[in-house]
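**Student:** After the structure tokens below, expect a handful of questions from me.
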Amino acid sequence: MSKGSLLLVDDDRGVLESMADWLREQGFGVLEASSRAQAEEWLDRQPVDLVLSDIRLPDGDGFDLLEYSRRCSHRVSVILMTGYATVETGIEALRAGAFDLLTKPLIDAELLVSIDRALSQRRVLEENRNLKAQLHDRLGMAHVIGHDPAMQKVFDVVNSVADARATVLISGENGTGKSMIARAMHHLSRRSAGPFVEVACGALPET
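What follows is the structure in structure tokens.
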């Protein structure tokens, strides 16, 4: 099973092919592009989890491709690579929305760590989006929650306390979705693989 799908972009065919082969050996599915135009064609045709692109391309640069990727419906993450790294380039890359900027020649372990972190972040963000959609549907408010500031604050709190080890008290009127919020916290926590036990206190005997 593939660890994730990558789009590798570099105008040096030798570097492109050797790097693509090595990444496939590590368990990734890899698409190859030697230009910005070719990379954009792949993004239009084939959703991928992550783009790894050299900054210098024959028909533009990695920043152009980064901007294009941000407009894609599947919200692909981008790691930029360069053999001419400067502090200014690093700041520009992060401000533009790149997940990381790696300096060539690449160090294998560093590359794998960066890819793993990018894919992990993507999975978490995707789970959060799916969970929000489920909450919207279950609460019967799909048309308003996404634009309601109060509910957005609730989702922000859910994300921030999900991994807390402290006890969390959720209060509210009947039917306001307390159980769904509790499930959301459990789902986003590191304990999500364990059981979620729901107890109806009103049904418990007094003794």
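Residue numbering for the sequence shown follows the numbering used here, starting at -18 and increasing by one per position. The beta-carbon is built from N, C-alpha and C at its ideal position, and this holds for glycine as well. These figures come from a predicted structure and were not determined experimentally.
1) Just to confirm the assignment: which complete alpha helix (DSSP H) runs, minimum length 4, are found wholly within the stretch 32 to 70?
2) Determine, using beta carbons only, whether A18 and D40 come nearer to each other than 8 Å.
3) Considering Cα atoms alone, identify which of V138, E154, V105 and I151 is closest to S173.
4) To the nearest angstrom, report how far apart L24 and C182 are at their CA atoms.
5) Once the 5 residues before and after R51 are set aside, which same chain residues still bring their CB inside 7 Å of it?
6) Spell out the partners DSSP gives L(-11) in its beta bridges.
7) Determine the direct distance from the alpha carbon of V149 to that of G158, and round the result to whole angstroms.
8) Am I right that V32 and V59 are in contact with their C-beta atoms under 8 Å? What's the rounded C-beta distance?
9) Report yes if the C-beta distance between L46 and A66 is below 8 Å; otherwise report no.
10) Compare the Cα-Cα distances from M62 to each of E6, D(-7), S101 and N111 and report the closest residue.
11) As a quick exercise: from F177, G(-15), H167 and E69, pick the residue whose alpha carbon is nearest that of G10.
12) Beta-carbon within less than 6 Å of A143's beta-carbon, same chain only, minus the 5 sequence neighbours each way: which residues are those?
13) By Cβ distance, which residues of its chain are closer than 8 Å to D42, with the 5 residues on each side in sequence left out?
14) Between which two residues does the alpha helix (DSSP H) carrying D2 extend?
15) Going by alpha carbons, who is nearest to S34 out of A147, I88, L82 and C53?
16) According to DSSP, is D25 helix, strand or coil?
17) Using a 10 Å radius around the Cβ and a threshold of 16 neighbouring Cβ atoms, would you call A123 buried or exposed?
18) Compute the minimum distance between the beta carbon of V105 and the heavy atoms of the ligand NAD, and state whether it is under 7 Å.
19) Please classify D(-9): is it buried, with 16 or more other beta-carbons within 10 angstroms of its beta-carbon, or exposed?
**Tutor:** So, from the data block:
1) 43 to 51
2) Counting from 1 along the sequence shown, the entry for residue 18 is found at position 37. Counting from 1 along the sequence shown, the entry for residue 40 is found at position 59. Taking 8 Å as the Cβ cut-off, A18 and D40 qualify as a contacting pair.
3) The residue given as residue 173 occupies position 192 in the sequence shown. Cα-wise, what sits closest to S173 is V105.
4) For the purposes of this step, residue 24 is taken as residue 43 along the sequence shown, with counting starting at 1. For the purposes of this step, residue 182 is taken as residue 201 along the sequence shown, with counting starting at 1. Their Cα atoms are separated by approximately 51 Å.
5) Residue mapping note: residue 51 aligns to position 70 of the sequence shown, counting from 1. Once the five neighbours on either side are set aside, the close Cβ partners of R51 are G78.
6) Position 8 of the sequence shown holds residue -11. L(-11) is bridged to E13 and L33.
7) Position 177 of the sequence shown, counted from the first residue, corresponds to residue 158. Position 168 of the sequence shown, counted from the first residue, corresponds to residue 149. Straight-line Cα distance between these residues: approximately 15 Å.
8) One-based indexing of the sequence shown puts residue 32 at position 51. One-based indexing of the sequence shown puts residue 59 at position 78. That pair is a contact at about 5 Å.
9) Translated into the one-based positions of the sequence shown, residue 46 becomes position 65. Translated into the one-based positions of the sequence shown, residue 66 becomes position 85. Going by C-beta atoms, L46 is not nearer than 8 Å to A66.
10) Reading the sequence shown from its first residue, position 81 is the one you call residue 62. Nearest C-alpha to M62: D(-7).
11) To locate residue 10, count along the sequence shown from 1; it is residue 29. Residue G(-15) is the option with its Cα nearest to G10.
12) The residue given as residue 143 occupies position 162 in the sequence shown. Answer for A143: M166, L169 and S170, listed in chain order.
13) Locating residue 42 in the sequence shown gives position 61, counting from the first residue. Counting only Cβ-Cβ distances below 8 Å, and skipping sequence neighbours, we find R17 and I36.
14) Here residue 2 is taken as the residue at index 21 of the sequence shown, counted from 1. Start and end: R(-6) to E6.
15) Indexing the sequence shown from 1 puts residue 34 at position 53. For the residues A147, I88, L82 and C53, the minimum Cα distance to S34 belongs to L82.
16) Here residue 25 corresponds to residue number 44 of the sequence shown, with the count starting at 1. Helix, per DSSP.
17) For the purposes of this step, residue 123 is taken as residue 142 along the sequence shown, with counting starting at 1. Because the pLDDT at A123 is just 47, under 50, the model does not fix this residue reliably, and the value given afterwards should be weighed accordingly. Label assigned to A123: exposed.
18) Judged by which ligands are present, the structure shown has none, so any question about the ligand NAD falls away.
19) Position 10 of the sequence shown, counting from 1, holds the residue named residue -9. Classification for D(-9): buried.
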